[in-house]
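Undergrad:
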Amino acid sequence: MSKMMGAIVVNTDRCKGCQLCVIACPKKVISLVQKKVNAHGYPYVGAIHAEACIGCATCGIVCPDGCITVYRKKVEE
């Protein structure tokens, strides 16, 4: 049986650090990047446990600014 593996890319310049994606992520992949801000002065999120991402796209769906792109691929076990 194949397994889904995911990866996210965050547009850090558009992210305003609302953390809705952090709350929505079932695998706790996303977190606020500590002590860093974007060009607009907002803290932003990033994938801290990228290997755990299953590509469910929940983070991208709840993001009000469309900052997150989700990629998925099947991996044979």
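The numbers in UniProt numbering rise by one with no breaks, and the one at position 34 of the sequence shown is 34.
Glycine included, every Cβ here is placed at the ideal spot set by N, Cα and C.
1) Taking its Cβ as the centre, do 16 or more other Cβ atoms sit within 10 Å of Gly6, making it buried, or is it exposed?
2) Given a threshold of 16 other Cβ atoms within 10 Å of its Cβ, counted over all protein chains shown, does Tyr71 qualify as buried or as exposed?
3) Kindly indicate which three-state DSSP category Ala39 falls into: helix, strand or coil?
4) May I ask you to check if the CB of Gln19 is nearer than 7 Å to at least one heavy atom of the ligand MN?
5) Starting from Gly60, trace the alpha helix (DSSP H) both ways and give me its first and last residue.
TA: The structure says:
1) buried
2) exposed
3) coil
4) For the structure depicted, the ligand MN is absent and the ligand set is empty, with no information on it obtainable.
5) 58-62
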